[in-house]
Amino acid sequence: MRRYYRVLLVWLLLIASVTWGFPLAWQQVLSEFQQYKKLTEYGRGESVKNSLVYQVRADKWVVFSIPANTEQLRIISNLNIKPSIIQQATQQELEPRWQYALHYQVLDRQNHVLSEQTYYHGTRLTRYQDEQGQQFYTNYYDNNNLIPLDGRLAILSLKSLPTAEKIQLKLETFESQAVDAVIRLYVPIKVAEHRIGTSWLRMNDKQKQALAKGSVYPAALLNENEKLNLLRHQWSPLGPQGVVDRDYQARTLYALNDVDYKEVGRQALSTGLVVDAQQPIVIPVVGSGSRLLLDLKPVDQTTHGDVVITLHWFGTGLKARWQKQMLWHGAGTPLELTVQPGLLEVHSAKPLLLKVFSQEHLGAEKIDITPQLVNTYAYYADSGLDYKIRHINHQPAMVRIDVRRLISSTDANLPATVHYQWLDAQHQILQQGELIALETPSVYDRVKNAVDNVQISDPKRYYFKLPNAVKYLRISALQHDVLVSLYNQPIGLVKHIAIPKWMSMANKMQGSDLPSWFVMKPEHSQSLVLNKLLKAISIQPRPPIDDPYLAEGLYLWEDYLPERRVEARYILVPYEGQARRKEILSNLYCVLPVNQSFKARLQAYGSLRTLNPELIFIRPNNQAFDFSISQNQRVWAQATAKGKQGVYYLPDIKTGVHTLKLQSSEPITWLINTMNNCQGAQYLKRRAFKLNSRHKLVFNVQHQDGVNETLSAKIFASAGGTQHSKIKVSIMPLKGNAPASYKAYSDWTFTQRVYDISHQQEANSWVLFTNAQDINAGESFFIPLNSDLPAGPYRIEMSLQEGEVGFVSLSKLTPGIHAQRHFYSKTIN
Amino acid sequence: MVTEYLNDFDVLGLQQIKHLVENEGQFLTRLIDVNSKQAFLLLHNNRSEVVAVINLNPRKLETFYIQKNSSLQVQLERFIALRFTWLLTEAE
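First to last, the protein sequences are chains X and L. Its first residue numbered 1492, the first sequence is counted upward by one per residue in the working numbering. Its first residue numbered 273, the second sequence is counted upward by one per residue in the working numbering.
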């Protein structure tokens, strides 16, 4: 009885545990199954392919034997993630790529490592959605609920490793959501040539179809050569060494083929650039101007009704600007406009996709000129970045650091700072400091594939002139949202600049511009990429920012004379400035009406009460002719003149308003200076110096401490001459080079520059005191002397490297209100 | 030095190579294969003959040797396709 009691007790315990435990366990299994079913349910007639795959982990090698004389290995891998990640993740979070790497060693018979490499992969999760909105994936397992991401292929060549016997692999990943990965290896099947002819005949239809899957034609339509090629390139799977569940783990991976549902997250977006109210698109317009078609499409289905499109155009010069608004009525009706060369900035009140076409006239061929956004890359500074610094001939190394900040709506308003250290060869700190990022989001730059509308600030640029003792530059940050990009430049770099400026911008967009700063990679950059510590940023050209002082005519003008005597000319250049500065009235000439009276307000500079205006005539022939000019109905001057050009110095006249009348026996062009109420065209008289290939032009200028100064040069060339000039400009300190300073500069000066100038071909200007030489309106180019240059005298050397001889003027224009000294003379009675 | 440059693409590393080559009386030119879009550095000796070719974005840090008794064009095409680092003539 006692014996039966024990058996009864065991049975009772067993029944109790099954009664209470089984429902719990079943519930768990059911829940897992439901979850798994929910994620992988398909059953819609798609074909399924299964493959035997082997688990790879970070902590254990999986070893495969390689058959003798194997020349190639195919390794297909899938990274696995937990299903709970998918449920928690938002749509946007699923879009980024997961990154992982396969670390492998190829070994010989004695287990010596013949080759050791890491193969990096980026993958994603392809998801489909059925009519009920339920999502499912192409890959799944039958015996666990991990989600396999899309497979990635690596092909290894073993040709250079004839003694290879084994390959062992490990997983490398820094993705927190990743659990493990699976791999399958394939080697080429060696089919003896004499068997190839009969192999096809011995295959069944299923095998033939499988072999011909990659062909355009089905198996039945393949010709003999195609069949032979297919038979020569077959692959056979390879299994790992050891015992299953002890040395390796095997799984069956199922993959859906021919899925006929819509893929999630990869909707076929129309091509184009997204433009909205905050983030405009800047279009460089090149050539002689274009008729543009702005083809706009909605980004998604939520955009309805008319959308206001705001356009800003920036040409060369302060006056070459316009802004207008157009209404977009919906897809299919592109906006048309004619735009001169320059930059066109497009804003849209609602997000739209923009494509830009250039079309000469209606019906002509449309050329796609949609700008390609240039990508730049920046590293997260908080990851700790070490850069190796090289020096050529012990000279200081020039380094530029761009500091940016990622800005999201939740950011606290703390300044983002980067800490830098200059290290010597023994990693001892020579100098250290902090660099600050800008706080406001950039209008033009965007984070590529931005998640949650993260924006990026404009780069705050810093420059170092690192002395020879500095061998490493270390960058770090406490905040996670600071990004840095480092650049250096070769010693003796010459900066090339295309003029007009919009050509330079177009070259930059098209990648044909010569770079002046070169990207530096930190040490272990591959590991940083694998850890996603690199961010891609799309950048655009920036339209010029107009100085309000210049627009108002408030500036100080200083003209420079060359060091030695050179041939010079006075040139009358079309003047388009709005503001009539009394300082320039003596050099500003107004085209006069002939044979009719007009009121002229004559004004002298300073406190002079009388003046002697100059009267200039320009005509096509040389014969003598008569002219007279009267003021307030009294003859002021009359004479006979001859020649194509001439200047007549008029007698003294009081400042103020006079009624003038100019009479001439020929209808020719007359101009007068000192007139403050000009109604006709105006011309500014400028002095310019001849620049040819034989003689340099040398100017001496004074640079102030800690100030960015810009010298403005203008070259006038013969109209209809060769179309370009290449001018080299060298900036040299007169007192010798100052030693590199241990500090960060906020600006940089390229002291060796080459300007490739495309000349205008129209004869817009007049050269005075010549026999009517045809000359263009001139092309401006700018020579900055920035705050990184020590204060003192500098020598500016200009030499013509190739192209058209021209006349060059050099001046400095300092915007702002400047104190000026006035002299008064008073007669004492 | 070339291997170091191909690892970090530091422009000053390239300038160091250029200085070294020029000190030997040799010089470098850059060549872009328009078909494969690959960039190469050609090392010329003081008689302007090409003595070595370096692929600036190689797949492998290996050397391809030109065999004198094979077609040069075929070998060049093979070198471009393999994306080896160095192209040298086989030592006699």
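Ideal placement from N, C-alpha and C gives every residue a C-beta, glycine not left out.
8 Å CB neighbourhood of X:Leu1713 in its chain, flanking five on each side removed
Ala1703, Ser1706 and Leu1721
Would you check if the segment 2172-2191 of chain X and the segment 2055-2067 of chain X touch, i.e. whether three or more CB-CB distances between them fall below 8 Å?
yes
Could you pull out every unbroken beta strand (DSSP E) segment of at least 3 residues lying fully inside the segment 2036-2068 of chain X, listed in chain order?
2046-2051 and 2059-2065
Considering only the beta carbon of each residue, do X:His1971 and X:Asp1873 sit closer than 7 Å?
Between X:His1971 and X:Asp1873, the CB-CB gap stays under 7 Å.
Under 9 Å by beta carbon: chain L residues contacting X:Pro1981:
Val283, Leu284, Leu286, Gln287 and Lys290
Spatial distance of X:Val1682 from X:Arg1723 (CA atoms):
7 Å
Spell out a yes or no on whether the segment 1818-1833 of chain X and the segment 1862-1881 of chain X are touching, meaning 3 or more CB-CB pairs, one atom from each, closer than 8 Å.
no
Would L:Asn327 be called buried (16 or more neighbouring beta carbons within 10 Å of its own) or exposed?
buried
So the beta strand (DSSP E) L:Asn295 belongs to, where does it begin and stop?
Run containing L:Asn295: none in the beta strand (DSSP E); it sits in the alpha helix (DSSP H), Val283 to Asn295.
Mind reading off the beta-carbon distance from X:Ser1648 to X:His1612? Whole number of angstroms is fine, and I expect it under 8 Å.
About 18 Å separates the two Cβ atoms, so there is no contact after all.
Straight-line Cα distance separating X:Gly1642 from X:Glu2200
58 Å
From the DSSP output, in three-state form, read off X:Tyr1496 for me.
helix
Identify the continuous beta strand (DSSP E) that holds X:Trp1913 and give its terminal residues.
In the DSSP assignment, X:Trp1913 falls within the unbroken beta strand (DSSP E) covering Thr1908 to Leu1914.
CB contact check: X:Lys1650 to chain L, cutoff 7 Å:
no
Would you mind telling me which residues of chain L sit closer than 9 Å to X:Ala1888, beta carbon to beta carbon, in chain order?
Leu284
Measure the alpha-carbon distance for X:Gln1698 versus X:Asn1634 and round it to whole angstroms.
Rounded to whole angstroms, the separation of the alpha carbons of X:Asn1634 and X:Gln1698 is 28 Å.
Beta-carbon separation of X:Gln2214 and X:His2250 under 7 Å?
Going by beta carbons, X:Gln2214 and X:His2250 fall inside the 7 Å limit.
Just to make sure I have the definition right: I need the residues of chain L whose C-beta is within less than 7 Å of the C-beta of X:Ile1883. Which are they?
Neighbours of X:Ile1883 on chain L, chain order: Leu284, Gln287, Gln288 and His291.
Any chance the segment 2186-2204 of chain X sits against the segment 2299-2308 of chain X, with 3 or more Cβ pairs inside 8 Å?
yes
Name, please, each residue of chain X whose Cβ falls closer than 7 Å to the Cβ of L:Asp305.
Correct list: empty, because the minimum Cβ distance to chain X is about 17 Å.
X:Ala1989, DSSP secondary structure in three states
strand
Is X:Gly1808 near X:Gln1831, with beta carbons less than 7 Å apart?
no
Under 9 Å from the C-beta of X:Lys2321: neighbouring residues of chain L:
What the structure shows of chain X is the stretch from 1492 to 2320, and residue 2321 of chain X is not part of that stretch, so it cannot be assessed.
What three-state label does DSSP hand L:Val346 in the structure shown?
Three-state result, L:Val346: helix.
Give the straight-line distance between the Cα atoms of X:Arg2329 and X:Pro1728, rounded to the nearest whole angstrom.
Look at the range of chain X in this structure, 1492 to 2320, and you will see that residue 2329 of chain X is not part of it.
Limits of the alpha helix (DSSP H) - the one that X:Glu1715 falls within:
Glu1715 to Arg1723
First through last residue of the alpha helix (DSSP H) which encompasses X:Lys1697:
Asp1696 to Leu1702
Rounded to the nearest angstrom, how far is the Cβ of X:Ser2221 from that of X:Ala2208, given a contact under 8 Å?
The pair is not a contact, with the Cβ atoms about 21 Å apart (cut-off 8 Å).
Answer yes or no: does any C-beta atom of chain L fall closer than 7 Å to that of X:Tyr2009?
Looking at the sequence provided, one finds Phe at residue 2009 of chain X rather than Tyr. Taking Cβ atoms only, chain L reaches closer than 7 Å to X:Phe2009, which makes this a yes.
For the pair the segment 1874-1882 of chain X and the segment 1919-1931 of chain X, tell me if three or more CB-CB distances fall below 8 Å.
no
Is the separation between the beta-carbon of X:Ala1746 and that of X:Val1798 shorter than 7 Å?
no
Given that a residue counts as buried once 16 or more other Cβ atoms are within 10 Å of its Cβ, and exposed if not, what is X:Pro1653?
exposed
Just to confirm my understanding: we take X:Lys1815, look at its own chain, exclude 5 residues before and 5 after, and list those with CB closer than 7 Å. What are they?
Leu1802, listed in sequence order.
For the beta strand (DSSP E) containing X:Val1766, list its first residue and its last residue.
Leu1764 to Val1766
Mind pulling the beta strand (DSSP E) runs of 3 or more residues that sit fully within the segment 1824-1862 of chain X?
1826-1830, 1833-1839 and 1843-1849
DSSP on X:Thr2318, reduced to helix/strand/coil?
Assigned with DSSP and collapsed to three states, X:Thr2318 falls in coil, not helix or strand.
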